[in-house]
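Chemist:
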Ligand SMILES: Nc1nc2c(ncn2[C@@H]2O[C@H](COP(=O)(O)OP(=O)(O)OP(=O)(O)O)[C@@H](O)[C@H]2O)c(=O)[nH]1
Ligand SMILES: Nc1nc2c(ncn2[C@@H]2O[C@H](COP(=O)(O)OP(=O)(O)OP(=O)(O)O)[C@@H](O)[C@H]2O)c(=O)[nH]1
Ligand SMILES: [Mg+2]
Ligand SMILES: [Mg+2]
């Protein structure tokens, strides 16, 4: 474990019961490596280590009988804070129909998340409508329709232009009395200007209360770039971190929150429609640190 | 270039950062920089040396060699990595080469998986072999072998459901699908692990688990049209000996290229 590794670093030499700052530097180098192994982005790991450094050079750590545990404790606290502190409840402000837009790169779990979210919101007394605005991927709308049938939530998708379709999806909600509209969109790369422009336009015409970015927990260094670019282009309000049922350490979670300041509202923990859980920053911190 | 003005501690750190940001992994990045630094104490052709290191890790390119009787390609990987799309592209490539191709819809689990592959079959000119959703994937694979042999198919590509490698029953199911194909009288000539280029260090855990379950003969690295460099394939090659065979460069039928290590290395270092 990280604590054991740091114990090794600190046990090598101690002068007059106090640690040498050089030992703390060595320990922090180890912490940096642990963060990088966990897929935290380089710039985010460096920034975090700098914040921890000043706390780690305090009397409390240098004079501690268990300095390794102290450093890990400080690390955990800093991580938890950056990840959002405590669980952030997902609220739906404004007059119905409230729009939630799902965005993200290809294969991140958007379509699945739309259906899970619809089921979750209905269990909270909402009347959701699912809108299938992904007209690119083969059988994308069919996938959403199948999931909608499984959970008993209506799916609407008519037309050939994703932007008009999304706007008309909101109109459909007004017509049927649905109070939440969850819009599924095509996977897209932040380096594809046409597709990012399309996402922006979908946002402009639907005026969502939330733009949720679905991100795969196994994403590596690219997570920080994706999060930053999507934030810039479509004003992400928060994240759904998917496939947390795997064993990826999930450093992407830190990269995403650190660079956008937006919370992770939910964790995707499986392929079934019930596999959506609230996200807990402290649990994630422990997972990242290993 | 980075090192042509001589070398400082900063330039070596910058080199390490380039490797780290490419998902090479912290230990591998640090080791590589140490090795190169020992050979170049005052700078010089450092980038060329690193490029050479990357090429030597990746090994020679291994083009697809499918011969004579029915060749079977099994396609596996975690959820959303790009398996079904890759199969569509590969099928199109093989049909264009004049082969008779069939694709088996052995993902009988996920919503609209069959419908998605059906569209790709039509686009690629391959024959589709499928059963209803919920059918046993082994049964679909068995059927597909028999039907492909009967129809004089040259290449059968088997699509499987995405699965996280941590789920042992799903990994066992994959081993069973492979055994069933062999029981049907065919050999699995290639088993491709489809890996998303944005995958971090978890990619090596994936590769290990899939190799244990079904012995991987190649990686298809997808979504290289994004900003991620896919450096995880270096560890996969070094630790498991599995080479990259193809790269996905987009979502359209022609967006599949045979792996070119030089192109990969240049992109990683850019
Ligand atoms: N194990 C696991 N699988 C998931 C999770 N979320 C989604 N998946 C699976 O990941 C794969 C991709 O999910 P999709 O919902 O199709 O992803 P997407 O972002 O809509 O994909 P595109 O529309 O192509 O961009 C599917 O096999 C899903 O079942 C999760 O939390 N855990
Ligand atoms: N940009 C880009 N997108 C790709 C590439 N390969 C696949 N995709 C996209 O990635 C998404 C997922 O592709 P699929 O083929 O459904 O992935 P899969 O592994 O079969 O997914 P599951 O069966 O759900 O596990 C789709 O939106 C594809 O269009 C690629 O090389 N580049
Ligand atoms: Mg989708
Ligand atoms: Mg698939």
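Protein chains in written order, with the numbering used here: chain A, 24 to 313; chain B, 2 to 271.
Note that CB positions come from ideal geometry on N, CA and C, so glycine has one too.
As the structure is a computational prediction, the values presented were derived from the model and not from experiment.
(1) Please check the pair residue 229 of chain A and residue 189 of chain A, which I expect to be a contact at CB under 8 Å, by giving their CB distance rounded to whole angstroms.
(2) Sort out for me which residues DSSP pairs residue 238 of chain A with in a bridge.
(3) Note down the Cα distance separating residue 264 of chain B from residue 212 of chain A, rounded to an integer number of angstroms.
(4) Kindly confirm or deny that the stretch 172-188 of chain B and the stretch 239-248 of chain A touch, where touching means at least three C-beta pairs closer than 8 Å.
(5) Chain B partners of residue 56 of chain A, CB-CB under 9 Å?
(6) Is it true that the CB of residue 281 of chain A sits closer than 7 Å to the CB of residue 89 of chain A?
(7) Run through the DSSP bridge pairs and tell me what residue 258 of chain B is partnered with.
(8) Counting only Cβ pairs nearer than 7 Å, list the residues of chain B close to residue 165 of chain A.
(9) Can you tell which of B:23, B:239 and B:132 has its C-alpha closest to the C-alpha of residue 65 of chain A?
(10) By how many angstroms is the C-alpha of residue 74 of chain A removed from the C-alpha of residue 101 of chain A?
(11) Give a yes or no on whether the minimum CB-CB distance between residue 120 of chain B and chain A is below 7 Å.
(12) So is the beta-carbon of residue 159 of chain A under 6 Å away from any non-hydrogen atom of ligand 4?
(13) Report the neighbours of residue 82 of chain B on chain A: residues whose CB is nearer than 9 Å to its CB, in chain order.
(14) Go through its chain and collect everything with a Cβ distance to residue 185 of chain B's Cβ below 7 Å, but skip five positions before and after it.
(15) So the candidates are A:214, A:130 and A:154; which of them puts its Cα closest to the Cα of residue 141 of chain A?
(16) If we require 3 or more residues per run, which beta strand (DSSP E) segments fall completely within the stretch 61-127 of chain B?
(17) On the three-state DSSP scale, how would you describe residue 217 of chain B?
(18) Starting from residue 21 of chain B, find everything on chain A with Cβ-Cβ shorter than 8 Å and list it in chain order.
(19) What does a CB cutoff of less than 6 Å around residue 218 of chain B pick up in its chain, not counting 5 residues either side in sequence?
(20) Can you tell me which of the three DSSP states residue 208 of chain A falls into?
(21) Nearest CA to the CA of residue 241 of chain B: which residue from B:213, B:226 and B:125?
(22) Specify which residues have a beta carbon nearer than 5 Å to any heavy atom of ligand 4, listing them in chain order.
Modeler: For this structure:
(1) Counting from 1 along the first chain, the entry for residue 229 of chain A is found at position 206. Counting from 1 along the first chain, the entry for residue 189 of chain A is found at position 166. Rounded, the Cβ-Cβ distance is 5 Å, consistent with contact.
(2) Here residue 238 of chain A refers to the residue found at position 215 of the first chain. Answer is A:264.
(3) Taking the first residue of the second chain as 1, we reach residue 264 of chain B at position 263. Taking the first residue of the first chain as 1, we reach residue 212 of chain A at position 189. Cα to Cα, the separation comes out at about 21 Å.
(4) Taking a contact to require three or more Cβ pairs closer than 8 Å, the stretch 172-188 of chain B and the stretch 239-248 of chain A do not qualify as touching.
(5) For this step, residue 56 of chain A is matched to residue 33 along the first chain. 27, 28 and 31, listed in chain order.
(6) On the first chain, position 66 is the one that residue 89 of chain A refers to. On the first chain, position 258 is the one that residue 281 of chain A refers to. With respect to the 7 Å criterion, residue 89 of chain A and residue 281 of chain A are not classified as neighbours on the basis of their beta carbons.
(7) Taking the second chain and counting its residues from 1, the one referred to as residue 258 of chain B is at position 257. DSSP output for residue 258 of chain B lists B:248 as bridge partner(s).
(8) For the purposes of this step, residue 165 of chain A is identified with residue 142 of the first chain, where counting begins at 1. Under a criterion of Cβ atoms nearer than 7 Å, the residues of chain B adjacent to residue 165 of chain A are, in order, 113 and 116.
(9) Reading the first chain from its first residue, position 42 is the one you call residue 65 of chain A. Ranked by Cα distance from residue 65 of chain A, the options B:23, B:239 and B:132 are led by B:23.
(10) On the first chain, position 78 is the one that residue 101 of chain A refers to. On the first chain, position 51 is the one that residue 74 of chain A refers to. The alpha-carbon of residue 101 of chain A is positioned some 8 Å away from that of residue 74 of chain A.
(11) As a working note, residue 120 of chain B is residue 119 in the second chain. Output row for residue 120 of chain B: interface = yes.
(12) Position 136 of the first chain, counted from the start, is the residue given in the question as residue 159 of chain A. Checking the Cβ of residue 159 of chain A against ligand 4 gives no.
(13) Here residue 82 of chain B refers to the residue found at position 81 of the second chain. Those within 9 Å of residue 82 of chain B in chain A are 130.
(14) As a working note, residue 185 of chain B is residue 184 in the second chain. Cβ within range, chain order: 143, 146 and 147.
(15) Within the first chain, residue 141 of chain A is the residue found at index 118, counting from 1. Closest option to residue 141 of chain A, Cα to Cα, is A:154.
(16) Restricted to the stretch 61-127 of chain B, the beta strand (DSSP E) segments that are unbroken, complete and at least 3 residues in length are 72-77 and 102-107, listed in chain order.
(17) Taking the second chain and counting its residues from 1, one reaches residue 217 of chain B at position 216. In the three-state DSSP reduction, residue 217 of chain B falls in the coil class, being neither helix nor strand.
(18) As a position in the second chain, residue 21 of chain B is number 20, starting the count at 1. The answer, in chain order, is 59, 65 and 244.
(19) The residue labelled residue 218 of chain B in the question sits at position 217 within the second chain. Counting only Cβ-Cβ distances below 6 Å, and skipping sequence neighbours, we find 191 and 192.
(20) For the purposes of this step, residue 208 of chain A is taken as the residue at position 185 of the first chain. Coil.
(21) Counting from 1 along the second chain, the entry for residue 241 of chain B is found at position 240. Checking every option, the nearest Cα to that of residue 241 of chain B belongs to B:213.
(22) Environment of ligand 4, chain-ordered: B:84 and B:85, taking every residue with Cβ within less than 5 Å of a heavy atom.
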